[in-house]
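Take 6 as the starting number for the sequence shown in this note's numbering and just add one per residue.
Note that beta-carbon positions come from the ideal geometry of N, C-alpha and C, so glycine has one too.
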Amino acid sequence: MAWPEVTTPAYLWSRGFLLYRDVKYLHTPGLIGLLALCFRVFGPATAVVRIFALSGPLVAHAQVLVETRALSIPRRILVSAFFLVCLFVSNGNAVWPSALMAPLALPLVRSLTRERWRRAGLTIGIAILLKQTAAYVLIAAALVLLIRRRARASLELSFFAALPYAVVLGAFALAGAGGEMLRWTLAVPFQVQEVTFGPSLFTVSMMAAGFVPLVIVLARGKGAGQAEALWLLVVAAGLTLLAYPNFLLMQTIAAIPCLAVGAARALTFRGRLSPAIPAFLLLYTVSRGIVLAAGETFDGRVLFWNDDPDFNAVIERLRRLPETARVHSELWGNVLPRAERLPPGRIWVHPWLRWYFPVEDCRARVLAAARAPGTVWVNYRDALPRGERVGPYAIWTVPPSPPPDAGAARESRVVPDSAAQNGSDQKE
């Protein structure tokens, strides 16, 4: 799943736009920067998106396999199945910060267990660069240390967790966008009113059930085993909190390696209740796997990238434009990176994320640039009543002298000057 609010900023950054100053983006720059580098080196191809999306989960699964070497083959298969089902139920193959964060979870647990606070802090800091809400992990770990009266360790952990952000902030300041980075990563998240999704009772129950083996390990562990179980639980809980306040399972992907290792540790227990643990894991994995299989098409397409033949036709049409043509898209899809075109002016904000529009007057500035003669507008036909028709879409070029009614809009039909607002409404 290639989310447009991630892939388009990365593409624009790879083509000379600067994040935060030119491309308005709410989260820290780690994911966008890595994807921009891939686009710069290999181009914005479907294969690049697919490999990038799978890289984090593949590394995380390899780490889980290393942790299960002591188990029998059937039990290793069970743990891997548990990991993969949880991963794909949570859309773990998405281009999203939590998916790329997954390989950091187990190294962080290892550092915390061995009391290597500097390394643990840097690992948390890298996670914060992927998405700033990874600070929940820092808060959880620091609280545990304070409860244990390890104030110095808590301070050391926190200091090194802040270093990666500080270094990157310095780099953006040198590029002329330090203030913008601070605003969009620290201030704007508390100013805007995003769409939020509340969790269902079933989803919360399934998530809680995934913690059961880890809780059992913590309750029955001793010595180093109990220390590891504690940090597995703390890191998993902190990474699960990334789902607040916009609750989507996709936000919890990074916690899955900890849950899988907790399941593996639980399978090593011996006693009267030991047969119940693999039975529980098998039931949990099979039941969630059935739900997953029922809702997936498994056709190999990359959603929001190459999943719609009509949209692909629009992309092919835009690719035939002159290289100097600038495209203003009001669609949800990845129009700019797919067509390898740039927007007019030096500013971009996703046209459907309207809660960002008042910040820095970014939406008004985007529309002002898009009114420049020769700009190509792309939208749905019912929102752009003039122009060339391509399936349900329309392509229209701003003329050198717009007609007198170019700014007029009707409630049910939108012309370019205000098409963006209705584009937002269509999403809802």
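Let me know the secondary structure DSSP gives residue i once reduced to three states.
i	result
residue 103	helix
residue 75	coil
residue 360	helix
residue 345	coil
residue 352	coil
residue 281	helix
residue 385	strand
residue 398	strand
residue 275	coil
residue 2	Nothing can be reported for residue 2, as the shown portion of the chain is limited to 6 through 433.
residue 26	coil
residue 32	coil
residue 329	coil
residue 308	coil
residue 153	coil
residue 90	helix
residue 85	helix
residue 50	coil
residue 407	Legend: pLDDT at residue 407 = 48, less than 50; position of this residue unreliable, no value from coordinates given.
residue 380	coil
residue 338	coil
residue 444	The chain is shown from 6 up to 433; residue 444 falls before or after that span and cannot be answered.
If you measure between the beta carbons of residue i and residue j, is that distance less than 7 Å?
i	j	result
residue 192	residue 23	no
residue 436	residue 65	The chain is shown only over 6 to 433; residue 436 falls outside these bounds and no answer can be derived.
residue 371	residue 402	no
residue 27	residue 351	yes
residue 16	residue 342	yes
residue 57	residue 265	no
residue 55	residue 19	no
residue 99	residue 61	no
residue 33	residue 269	no
residue 389	residue 373	no
residue 113	residue 240	yes
residue 232	residue 110	no
residue 337	residue 310	no
Can you tell me whether residue i is buried or exposed, with buried defined as 16 or more other CB within 10 angstroms of its CB?
i	result
residue 202	exposed
residue 170	buried
residue 68	buried
residue 249	exposed
residue 205	exposed
residue 185	buried
residue 379	exposed
residue 321	exposed
residue 137	buried
residue 286	buried
residue 256	buried
residue 340	buried
residue 144	exposed
residue 245	buried
residue 190	buried
residue 129	buried
Starting from residue i, follow the alpha helix (DSSP H) in both directions and report where the run begins and ends.
i	result
residue 159	156–180
residue 251	Residue 251 -> no alpha helix (DSSP H), and no H or E assigned at all.
residue 393	Here residue 393 belongs to no alpha helix (DSSP H); instead the beta strand (DSSP E) covers 393–395.
residue 19	9–19
residue 315	314–324
residue 372	367–375
Regarding residue i and the ligand ADP, is the C-beta to nearest heavy atom distance less than 6 Å?
i	result
residue 352	For the ligand ADP, the structure offers nothing, since it holds no ligand at all.
Along the chain, where does the beta strand (DSSP E) containing residue i start, and where does it finish?
i	result
residue 332	332–334
ask   = Can you give, in chain order, each stretch of the alpha helix (DSSP H) that sits fully within the region 187–237 and has at least 4 residues?
value = 193–196, 206–215, 217–225
task = Note down, one range per segment and in chain order, each alpha helix (DSSP H) of at least 4 residues found wholly within the region 110–150.
result = 122–135
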